[in-house]
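Below is one structure, written out as structure tokens; comments come after it.
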Amino acid sequence: MCGRVSLGDLTTDNLREYFVLDQVAPIPNSFNVAPSQLLPVVRQLGRSRVLHLLLWGLVPHWAKDREIARHTFNARIETLTRKPSFRAPFKAQRCIVTASGFYEWQKQEEQKQPFYVHRPSRQPLALAGLWDAWLDKESGNLIESCTIVTTKATGAMADIHQRMPAILDPELFAAWLDPRFGDTHRLQDLLESNTPELEMFPVSGYVSNAHNDGDRCLRPLETASHR
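To get this note's numbering, take the position in the sequence shown, counting from 1, and add 8.
Here you go:
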């Protein structure tokens, strides 16, 4: 599961260079982004690789309303080819959700302890995602939305939670973003076999409230050691 991310260290210049972007939208300076909010998403649109802000929680183009988004902010990699909400986007509407890190909660005896997870190099995370566009017939607005693909947790992440976001290495960016790349089973295998290098450390319960923001969200607990 991945239900909270941080964008705090992202800059447009860094993202443009890392993802080789032709166009970059302004990035919200948020350290605690939750589903139903906007995420920076990389897509291949024609010949251009662009970064736009999309609603977190995928609304399929065939949906009657936006309520489904409450249940589609994550997409399990094992079910991408079977679930109606994700089957078509997995074939031709893949994207990369970028973040500086994400939060996950470890179940302990009497509470859940939040951890902040990031790349050791502080490079942006490239989270495998899917997107779709839904027409709001009442307002006439086209709503573009996304979901983050999750896979079985590996490495130190497995000590915190059973699931984690599927993370792309740079050599996979082009194939994942290319709507003409049809070997989805190959992509699925590559994501499931990838073991990204991650660092994580416990943070305070301040981040557990989605209304809280600021760099206080990812400050390490004073008594905690980094993993």
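No residue lacks a Cβ here, since even glycine has one placed at the ideal position from N, Cα and C. Computed from a predicted model, the values in this text were never measured in an experiment.
query: Just verifying my parser: in three-state terms, what is the DSSP assignment at Glu112?; result: strand
query: Got a sec? Which residues, its chain only, sit under 6 Å from Val215 by beta carbon, not counting five neighbours each side?; result: Asn40, Tyr111, Pro122, Cys225
query: Could you compute how far the alpha carbon of Asp30 sits from the alpha carbon of Phe209?; result: 34 Å
query: Please list the terminal residues of the continuous alpha helix (DSSP H) segment that includes Tyr124.; result: Segment 120-126 is the beta strand (DSSP E) holding Tyr124; no alpha helix (DSSP H) there.
query: Identify every residue that forms a DSSP beta bridge with Leu59.; result: Val32, Val50
query: Leaving out five residues before and five after Gly222 in sequence, what residues of the same chain have Cβ atoms less than 7 Å from its Cβ?; result: Phe39
query: Between the beta-carbon of Val125 and the beta-carbon of Gly137, is there less than 8 Å?; result: no
query: Ser93: buried (16+ other C-beta within 10 angstroms of its C-beta) or exposed?; result: buried
query: For Val28, collect the residues of the same chain with a Cβ closer than 7 Å to its Cβ; drop the 5 residues on either side in sequence, then sort them by chain order.; result: Arg57
query: Counting only runs that start and end within the stretch 155-215, where is the alpha helix (DSSP H) found for 4 or more residues in a row?; result: 181-185, 192-201
query: Nearest to Asn22 by CA position, among Ile35, Gln114, Leu195, Leu46, is which residue?; result: Ile35
query: In three-state terms, what does DSSP make of Thr19?; result: coil
query: Check the C-beta distance from Ala42 over to Leu63 and give it rounded, since I have them as a contact under 8 Å.; result: Contact doesn't hold; Cβ gap of about 12 Å is too wide.
query: Can you tell me where the beta strand (DSSP E) holding Ala134 begins and where it ends?; result: 133-143
query: Residues in its own chain within less than 6 Å of Ile168 by CB, not counting five upstream and five downstream?; result: Glu112, Gln114, Phe123
query: Just mark Cys10 as buried or exposed, buried being the case when its beta carbon has 16 or more other beta carbons within 10 Å.; result: buried
query: Rank Leu185, Thr158, Ala164, Glu205 by C-alpha distance to the C-alpha of Leu199 and give the top, closest one.; result: Thr158
query: Using C-beta distances below 6 Å, list every residue in its chain close to Thr162, excluding the 5 sequence neighbours before and after it, in chain order.; result: Thr203
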